[in-house]
Structures are given as structure tokens and as C-alpha cells.
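Residue numbers (the numbering used here): 5 to 234. Here's the structure, in C-alpha cells; my notes come after.
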């Protein structure tokens, strides 16, 4: 290849240090993420709405959703809470219904992830692209991440990063709490309390993060950059 167009702000310098031509063009999620949706906060009469995103892969859901549900039940004991489990498609919904018991006060919402993120007051989000989507929307969150034991051991041997979420990596500091591998429903509930109490500080950090991601119009800029090089 002759040139790389990169979407994370730190990638340009990383590649250039290796003498690979690279240009940071901004993150395409800025053009994709919807900051409004069909659902409205007024649609729900509970004191708070919490979003739960257990991931899109079955192994993620198996490893994470059970503790998410238990953490919701802990919070439900002292808060008027609605939990929305956002799933990508109907296959994931069937998988969840076949493998988990959804308690009262929790609902599955399929194919409306951005809508769920927009109406929620906070979220428990599986590490991945969804954390960056949540930050762009402005949702305070707890990031969770868990692998199988052998996969985790291999990952620890190969990686030396301090943070797992794109939000914290791009920010260069821990903006939102991360729970990795060994954690309990009580840990999730405790960190959820923390992000709700500190939501204004977190939202302020999100505004700085969005500036680092560049500006909208990423696809157009890439096309123009390519045409300039033809």
C-alpha cells in the first residue's frame, strides 16, 4: 500500500514512526452514531433507565450478561430502575431468551441500540466499539470485559495496555471505570453508582474526547484524499 487513512488520533504517529505514510481522517462513528432516536426518556416512568450491552457474540453474552442481570437486581432493591438489554439482532434475542431468565423491571430491546443509549441515564457496556458509541452520545458508563481463562492468559502475555476501552485509550486516562476479567455483580453495581454520581465530570471528558475524534464528513475526506493521490 502507498498510504494509510487511520481513524484513531494516535495511529498516525505510530505508523509514521515505522516510516509508513498515514493520515488521520477522523472517526467514521461521528457520521454514523445517532444522538436522537424513536424512544424518548418520557416513554418510561421509572426514576432511572440503565442500558446493558452484553456484546454481539454469544461467548460475550454468556460470560457477561449473567452478572449484568444480577447487578441490576442489586440496584433494583433500592432504586426505581428500568433495565434495557440492547441486542443486535433477533438471533441474539433468541439466544438470550433460551439461556437467561430476565427479571421484572428488565426488558430486551432488539435492533435499537442507539435509541437505548439515548434514553438511558447510565450504562454497563461491553468493551468494544459500543463504548465509543456511548461516549459520542454522552452516556456515563461502566465498561466490562471478560474472556475465557485461556484467552485471557494469552492476551495478558501479548498486550501491555493499561486500558481496554477505546474511550480511555483515546483520552489517555481513565475517564470511565473498567472491570476486566475478575469482577462480581457487586462490583458492577458499585461502579454504576460511581458513574451516576460523577456523570457531569464524565460528560465533560466526553466532550474533549469527541474533539480528538475529528470532525464529521470522514467518508468524504477519505475520497478527496484518495483523489488527490490518483
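Even for Gly, the Cβ is constructed at its ideal location relative to N, Cα and C.
Going by the DSSP bridge assignment, what does residue 86 pair with across the sheet? The partner list for residue 86 (beta bridge, DSSP) reads 53.
Same chain only: Cβ atoms within 7 Å of residue 68, ignoring 5 sequence neighbours per side: Hits under 7 Å: 58, 59, 130, 148, 150.
For the region 69–81 against the region 188–201, do three or more pairs of beta-carbon atoms, one drawn from each stretch, fall closer than 8 Å, so that the two count as touching? In the pairwise beta carbon analysis, the region 69–81 is classified as touching the region 188–201: at least three pairs are separated by under 8 Å.
Out of 211, 213, 182, point me to the one whose CA is closest to residue 199's CA. A check of alpha carbon separations from residue 199 across 211, 213, 182 identifies 182 as the nearest.
Quick check: residue 209 and residue 175, are their CB atoms within less than 8 Å of each other? In this structure, residue 175 lies closer than 8 Å to residue 209 by Cβ.
Tell me where the alpha helix (DSSP H) around residue 24 begins and ends. Where residue 24 is concerned, there is no enclosing alpha helix (DSSP H), given that its DSSP letter is neither H nor E.
Sufficient close CB pairs (3 or more, under 8 Å) joining the region 133–141 to the region 94–103: No, the region 133–141 is not in contact with the region 94–103.
DSSP state of residue 74 mapped onto helix, strand, coil: Residue 74 falls in the helix class under three-state DSSP.
Cβ shell of residue 120 (< 6 Å), same chain only, five flanking positions each side left out: Once the five neighbours on either side are set aside, the close Cβ partners of residue 120 are 55, 88, 90, 113.
Coil, strand or helix - residue 126 by DSSP: Strand.
Taking 8 Å as the cut-off, decide whether the C-beta atoms of residue 79 and residue 196 are in contact. It is a contact, given that the beta carbons lie within the stated cut-off.
Take residue 170 and list the residues in its own chain whose beta-carbon comes closer than 7 Å to its own, dropping the five residues that flank it on each side. Excluding sequence neighbours, residue 170 sits near 135, 136.
Segment limits, alpha helix (DSSP H) that includes residue 135: Element bounds for residue 135: 133–141.
Roughly how far, in whole angstroms, is the beta-carbon of residue 221 from the beta-carbon of residue 35, given that I think they are within contact range, below 8 Å? The Cβ separation is near 7 Å, so the contact holds.
Every unbroken alpha helix (DSSP H) within the region 160–227, with a cutoff of 4 residues, ordered by chain: Listed in chain order, they are 170–175, 189–201, 203–216.
List the residues that DSSP assigns as beta-bridge partners of residue 111. Beta-bridge pairing links residue 111 to 88.
Range covered by the beta strand (DSSP E) that runs through residue 147: Unbroken beta strand (DSSP E) run through residue 147: 145–149.
Where residue 179 falls, given that 16 or more other Cβ within 10 Å makes a residue buried: So residue 179 ends up on the buried side.
Thinking C-beta only, is residue 64 closer than 8 Å to residue 85? Between residue 85 and residue 64, the C-beta gap is not smaller than 8 Å, which leaves the two residues out of contact.
Residue 9 - partner residues in DSSP beta bridges: Bridge partners of residue 9: 27.
Can you give me the start and stop residues for the alpha helix (DSSP H) that residue 14 sits inside? That residue, residue 14, is in no alpha helix (DSSP H); it is neither H nor E in DSSP.
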